[in-house]
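Data first, discussion second: the structure below is written as structure tokens.
Protein chains: 2
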Amino acid sequence: MSTTQMLKGLLEGCILEIINQQETYAYEITTKLGQLGFGEISEGTIYPIMLRMQKNGLISATMRESSSGPKRKYYSLTEAGETALEEFIESWTQLRTAIERLLKGEGKYDR
Amino acid sequence: MSTTQMLKGLLEGCILEIINQQETYAYEITTKLGQLGFGEISEGTIYPIMLRMQKNGLISATMRESSSGPKRKYYSLTEAGETALEEFIESWTQLRTAIERLLKGEGKYDR
DNA sequence: CTTTCTATATTGTATTGCAAGGTAGTAAAA
DNA sequence: TTTTACTACCTTGCAATACAATATAGAAAG
Chain A
442 MSTTQMLKGL LEGCILEIIN QQETYAYEIT TKLGQLGFGE ISEGTIYPIM LRMQKNGLIS
502 ATMRESSSGP KRKYYSLTEA GETALEEFIE SWTQLRTAIE RLLKGEGKYD R
Chain B
442 MSTTQMLKGL LEGCILEIIN QQETYAYEIT TKLGQLGFGE ISEGTIYPIM LRMQKNGLIS
502 ATMRESSSGP KRKYYSLTEA GETALEEFIE SWTQLRTAIE RLLKGEGKYD R
């Protein structure tokens, strides 16, 4: 079981959180995720997510000059994005709690 | 963001853990997951997973009579299943840690 | 002028959760 | 006896998503 399948659905929420903490662009997000302990997240993963979230109205983008390369597309959260982030955190907390309870062996003999 | 996408890849590992704690059958696993705080996991979700894991040699099955209904297919972990479970727990711990660090705002100003 | 790093985007594929549907056994209610 | 409900198994087809592979291009350094 690789982490790649476990990421599904979590990545979008995590990226919302990253943008919420600081306005940033896709290329930087990949390195950020690496630093945080997610695996190496490839660009083929990130860019579709960014475009999808923008299309769904969760983030908005503005182009800005870079000091070292092509223009960067900086993203920030829309109001819908902030709401989605809150919902993500709630869902994550619930899921994490459920799995932790399972792994601790709680409910082992309830039947 | 619904929990359904967040479950991807996690369900298989969680089911391995449930079977590891106590030999059980698919129908019971659905109710078990409900009690633990996962959503209502439908049978269309569970049965394909069980067949897949059996095909992949992670679990083995034996039929037994039921006191209240059709025969039950009881599953237990194979050696490969135990290994997969250990790997899942490790991957999960790593992923959980990464997300928690992110949500706590660590690494916010490392750039 | 070639390489390397930055930075964006697209296409196609595999995995997976799940709704919807189907089959059957047991048992209690009507 | 018929009906209803619960148990218990399984299959088909769809939608969402991560990712490899590929493409494009600007900037800087060698």
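Each protein sequence line maps, in turn, to chains A and B. Counting from 1 along the first sequence, just add 441 to a position and that's the residue number in my numbering. Counting from 1 along the second sequence, just add 441 to a position and that's the residue number in my numbering. Heads up, the beta-carbon is just placed ideally off N, CA and C, and yes, glycines get one too.
- At least one beta carbon of chain B lies nearer than 8 Å to the beta carbon of A/M447.
- Taking the Cα positions, B/I500 is about 28 Å away from A/W533.
- Residue pairing of A/L518 in beta bridges, as defined by DSSP: A/I500.
- In the DSSP assignment, the residues bridged to B/Y466 are B/Y515.
- Around the C-beta of B/G546, fewer than 16 other C-beta atoms lie within 10 Å, and the residue is accordingly described as exposed.
- About 5 Å separates the beta carbon of B/Y466 from that of B/Y515, a gap short enough to meet the 8 Å contact definition.
- Counting the other Cβ atoms within 10 Å of the Cβ of A/E531 gives fewer than 16, which makes it exposed.
- Residue contact with chain B for A/G498: absent (no Cβ-Cβ distance below 8 Å to any residue of chain B).
- Using a Cβ-Cβ cut-off of 8 Å, A/A521 does not count as an interface residue toward chain B, since no Cβ of chain B sits closer than that to its own.
- Nearest to B/P489 by C-alpha distance, out of B/I456, B/M447, B/A521 and B/Q476, is B/I456.
- Beta-bridge analysis with DSSP links B/R505 to B/R513.
- The straight-line gap separating the alpha-carbon atoms of B/L474 and A/I459 is approximately 31 Å.
- Here A/M504 is exposed. Its C-beta has fewer than 16 other C-beta atoms within 10 Å.
- Within a 10 Å sphere around the beta-carbon of B/G498 sit fewer than 16 other beta-carbons, which makes this residue exposed.
- CA-CA distance, A/E506 to A/T472, rounds to 20 Å.
- For A/S532, the closest Cβ of chain B is nearer than 8 Å.
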